[in-house]
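The next block holds one structure in the form of structure tokens; read it before the comments.
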Amino acid sequence: DQQVKQNSPSLSVQEGRISILNCDYTNSMFDYFLWYKKYPAEGPTFLISISSIKDKNEDGRFTVFLNKSAKHLSLHIVPSQPGDSAVYFCAASAGGTSYGKLTFGQGTILTVHP
Amino acid sequence: NAGVTQTPKFRILKIGQSMTLQCAQDMNHNYMYWYRQDPGMGLKLIYYSVGAGITDKGEVPNGYNVSRSTTEDFPLRLELAAPSQTSVYFCASSYSRGPGTGSYEQYFGPGTRLTVT
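Chains as they are written, first to last, in the working numbering: chain G, 1 to 114; chain X, 115 to 231.
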């Protein structure tokens with residue numbers, strides 16, 4: 001049972017345009033969501049997060065939107081740069097006994113063309 | 115700070131062999147985790163620890179064991195390696211004072227690529 005899903009395995013955008021990466025979840029107990037970026041042969045690095053009490057969080061070129069009713073979140077990158085080319089993972093965490101544990105999506109490969 | 119370090123970077127095991135994947139962090143984080151990532155898949159939690167002496171199973175613990183005798187180290191033991199354990203293994207750590215009080219952000223090591231043949 002895939003509780004966090006990234007339905008687009010890959011996304012290709014032109015430099016300077018917007019990249020939108022999507023993530024859906026099924027577990028209504030998730031209350032914190034994170035995006036990680038991963039380059040080949042490296043570990044994932046934290047990018048941006050959002051608590052379920054918010055619907056938007058911004059950090060420079062990166063904005064995460066959360067739609068709780070639709071159980072959907074998205075990561076917007078504006079403007080996209082070639083250095084943003086990487087695999088992006090969406091992750092979610094629930095409170096209670098699941099606190100601290102992350103459930104990851106399958107990842108989306110983003111390619112930004114010069 | 116070195117952050118989270120993992121050794122070895124690569125390893126090839128024969129079926130039935132055992133090995134220990136090492137993980138250390140120098141950020142004084144209380145939580146530590148082991149994940150595996152199979153091709154085209156997300157990371158799946160194997161085991162985690164909320165502090166020295168305390169460990170618990172994650173989503174895919176079968177075939178693995180862990181121990182946490184110090185805050186810094188969290189080794190993962192593979193007994194009787196099987197081809198299904200071919201994967202990339204990531205160790206991670208985070209700091210938290212408990213639910214609702216700390217960050218969920220986890221810091222990852224560079225990974226160990228393991229092949230079992």
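A virtual CB, placed ideally from N, CA and C, is assigned to each residue, including glycine.
Notebook entry, point to check: Are the C-beta atoms of residue 30(G) and some chain X residue less than 7 Å apart?
Noted result: no
Notebook entry, point to check: Which value, in whole angstroms, describes the spacing of the CA atoms of residue 6(G) and residue 140(X)?
Noted result: 33 Å
Note to self: By the three-class DSSP mapping on this structure, what secondary structure does residue 120(X) have?
What the structure shows: strand
Next item on the list: Taking 8 Å as the threshold, find out whether the region 188-208 of chain X comes into contact with the region 221-230 of chain X through three or more Cβ pairs.
Entry: yes
Note to self: Which same chain residues end up closer than 6 Å to residue 92(G) when comparing Cβ atoms and leaving out the 5 residues on each side of it in sequence?
What the structure shows: Correct list, in chain order: 4, 25, 30, 33, 103.
Margin query: One question on the structure: do residue 37(G) and residue 88(G) come within less than 7 Å of each other, judged by their Cβ atoms?
Written below: yes
Item checked: Check whether residue 190(X) and residue 127(X) have beta carbons under 7 Å apart -> When the beta-carbon positions are compared, residue 190(X) and residue 127(X) stay at least 7 Å from each other.
Next item on the list: Return the chain-ordered list of same chain residues with a C-beta closer than 6 Å to the C-beta of residue 22(G), the five sequence neighbours on each side being excluded.
Entry: 74
Next item on the list: Starting from the C-beta of residue 194(X), find all residues in its chain whose C-beta is less than 6 Å away, skip the five residues before and the five after it, and write them out in chain order.
Entry: 130
Check: How big is the Cα-Cα spacing for residue 67(G) and residue 230(X)?
Finding: 42 Å
Check: Under the three-state reduction of DSSP, which class applies to residue 165(X): helix, strand or coil?
Finding: strand
Next item on the list: Pick out whichever of 133(X), 125(X), 142(X) has its Cα sitting closest to the Cα of residue 258(X).
Entry: In the structure as shown, chain X begins at 115 and stops at 231. Residue 258(X) is therefore absent and cannot be evaluated.
Check: Can you check whether the CB of residue 15(G) is closer than 7 Å to the CB of residue 78(G)?
Finding: Contact: no.
Next item on the list: Consider the Cβ of residue 101(G): report whether some Cβ of chain X lies at a distance smaller than 7 Å.
Entry: yes
Checklist line | Cβ distance (whole Å) where residue 47(G) is taken to contact residue 110(G) below 8 Å | finding: Separation of the CB atoms of residue 47(G) and residue 110(G) is rounded to 11 Å, and the pair is thereby denied contact status at 8 Å.
Margin query: I'd like the span of the beta strand (DSSP E) that includes residue 194(X), first residue to last.
Written below: No beta strand (DSSP E) contains residue 194(X), which DSSP labels as neither H nor E.
Notebook entry, point to check: Whose C-beta lies closer than 6 Å to the C-beta of residue 146(X) among residues of the same chain, with five residues either side of it excluded?
Noted result: Here the set comprises 163, 188, 207.
Notebook entry, point to check: Between the Cα of residue 119(X) and the Cα atoms of 43(G), 107(G), 35(G), which residue gives the shortest distance?
Noted result: It is 43(G).
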